[in-house]
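Peer 1: If you read the sequence shown in our numbering, its first letter stands for residue -4, the second for the next number, and so on.
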Amino acid sequence: ERSTQLDSGDVITKVDGKDVTEDTFPGLVVGSDIPGSVVTLTVLKASRGGKKDVTIRRMSRESIDDQVTMFELFTNVKEVAGGQNDVVESVDAALFHWTG
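(1) Whose CA, out of Gly78, Lys9 and Val83, lies closest to the CA of leucine 39?
(2) For valine 15, collect the residues of the same chain with a Cβ closer than 8 Å to its Cβ; drop the 5 residues on either side in sequence, then sort them by chain order.
(3) Determine the DSSP secondary structure at aspartate 87, reduced to helix, strand or coil.
(4) Starting from valine 15 and walking both ways along the alpha helix (DSSP H), at which residues does that stretch end?
(5) Excluding the 5 residues flanking serine 32 on each side, which residues of the same chain have their C-beta closer than 6 Å to its C-beta?
(6) Could you compute how far the alpha carbon of valine 34 sits from the alpha carbon of threonine 50?
(7) Which residue marks the beginning of the alpha helix (DSSP H) containing leucine 23, and which one marks its end?
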């Protein structure tokens, strides 16, 4: 489920009050908490420049692994399809529908 509170260009600066980098972000968001627990992101809003706290629910590691696997499968199908535009467009449409 996508958050309607995050927009393209927003920059996440903290997770649960801890400063983040590209390397530390995934571990802090997934964390070791129970899936469904909440995590608070501090976000620098691209549109207004101010900071905003956004609360989201954590996914389980298994759910994330499943999504990565599906994305890799979609990507592989596109590569195998090569220049067959109808297949590539179908895969793109399925990927868009799947990611919501």
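Every residue, glycine too, gets a C-beta built ideally from N, C-alpha and C.
Peer 2: On the basis of the coordinates in this document:
(1) Per the Cα distances, Lys9.
(2) Within the same chain, valine 15 has close Cβ partners Ile7, Thr8, Lys9 and Leu23.
(3) Helix.
(4) Where valine 15 is concerned, there is no enclosing alpha helix (DSSP H), because DSSP gives it neither an H nor an E.
(5) Apart from sequence neighbours up to five positions away, the residues of its chain that approach serine 32 with a beta-carbon distance below 6 Å are Arg53, ordered along the chain.
(6) Rounded to the nearest angstrom, the two C-alpha atoms are 6 Å apart.
(7) According to the DSSP assignment, leucine 23 belongs to the alpha helix (DSSP H) that extends over 20 to 25.
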